[in-house]
Amino acid sequence: MDIIFDSGARRSFDLVIGTDGLHSHTRRLAFGPEEKPPYDAFRSPEARRELVASRLPERSRHVPRPVAAMREADDLFFDVVSQIHLPTGSSGRVALAGDAVHATSFLSGQGSSVSLVGAYVLAGEPAARADHTEAFAAYERLMRDFVETNQALATTGGTFVTPTTHEALDARNAARRTPPRSPGARAAPPTPVW
Ligand SMILES: Cc1cc2nc3c(=O)[nH]c(=O)nc-3n(C[C@H](O)[C@H](O)[C@H](O)COP(=O)(O)OP(=O)(O)OC[C@H]3O[C@@H](n4cnc5c(N)ncnc54)[C@H](O)[C@@H]3O)c2cc1C
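So in my numbering, the last spot in the sequence shown is 639, and the numbers never skip.
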């Protein structure tokens with residue numbers, strides 16, 4: 446594949462592997478543009494700040510300081526919670542790994558694990574197969590169940606990560622304080638109560 450970098454430099458490669466995250470530019474080039482979220486808040490930085498501020502209780506004593514800091518920050522991270530579902534992780538000689546193809550969203554967790562496992566499988570397959578077509582097909586086959594199982598966790602994970610009632614918040618905090626069962630594993634640090 447003939448690649449032209451932003452700098453203007455040109456190189457040729459047998460395969461291109463995109464690991465450039467949730468909003469992957471490589472994915473856009475190989476598979477087309479991603480769906481834009483249908484929210485006004487993505488119009489401008491000011492609209493984003495207003496949305497975040499409007500969702501927090503004004504009268505809480507904890508809220509005004511972080512909201513004021515957010516309004517002044519010039520590096521506010523704001524994104525929609527997304528998963529990536531593609532019918533296949535490769536197109537021709539281009540393959541994707543990590544969030545670029547298997548994003549699970551932070552509601553399920555596991556994104557780093559899925560990314561690392563995917564990269565490991567993808568790195569191993571070309572050496573074990575006759576050509577890249579077989580290698581990418583095997584990568585797809587080996588990853589599919591694992592990815593879908595982890596992406597499905599987001600359905601139940603949502604209420605655990607962002608509880609919407611006091612009862613759910615207490616249950617989440619209690620679960621976080623419970624030490625892991627595996628011997629030798631370190632206990633999770635206590636979850637701060639807001
Ligand atoms: C708020 C939040 C909480 C999370 N919590 C967890 C958690 O508890 N557990 C968990 O396992 N996962 C969690 N995740 C998910 C986890 O962060 C991702 O699944 C993981 O980082 C994906 O790794 P990646 O290497 O595919 O992508 P990324 O970590 O996004 O890395 C992509 C890299 O590509 C670079 N890049 C992008 N475009 C270009 C370009 N054009 N040229 C060059 N470089 C480029 C980016 O700068 C970035 O360094 C969370 C994510 C978020 C947003």
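Ideal Cβ placement from N, Cα and C applies to all residues, glycine included.
Query - Three-state secondary structure (DSSP) of residue 671 - result: Given a span of 446 to 639 for the chain in the structure shown, any question on residue 671 remains unanswerable.
Report task. Using only the heavy atoms of ligand 1, determine whether one of them is closer than 7 Å to the beta carbon of residue 467. Result -> Yes, the Cβ of residue 467 comes within 7 Å of a heavy atom of ligand 1.
Query raised in the report: When you compare only the Cα positions, how much space is there between residue 565 and residue 460?
Result: Residue 460 has its alpha-carbon roughly 16 Å from the corresponding atom of residue 565.
Report task. With a threshold of 16 other CB atoms inside 10 Å of the CB of residue 525, please say whether the residue is buried or exposed. Result -> Under this definition residue 525 is an exposed residue.
Query raised in the report: Is the number of C-beta pairs between the stretch 447-464 and the stretch 539-547 that are closer than 8 Å three or more?
Result: Result yes; three or more Cβ-Cβ pairs closer than 8 Å.
**Report entry** Under the three-state DSSP convention, the category residue 563 falls into
**Finding:** The three-state reading of DSSP puts residue 563 in helix, counting H, G and I together.
**Report entry** Beta-carbon proximity check, residue 595 vs residue 549, cutoff 8 Å
**Finding:** In this structure, residue 595 places its C-beta atom within 8 Å of the C-beta atom of residue 549.
Query raised in the report: Closest by CA to residue 661, which one among 546, 571, 451?
Result: There is simply no residue 661 to check, as the chain begins at 446 and stops at 639 in what is shown.
Query raised in the report: Nearest-angstrom Cα distance between residue 553 and residue 600?
Result: The alpha-carbon atoms of residue 553 and residue 600 are separated by roughly 8 Å.
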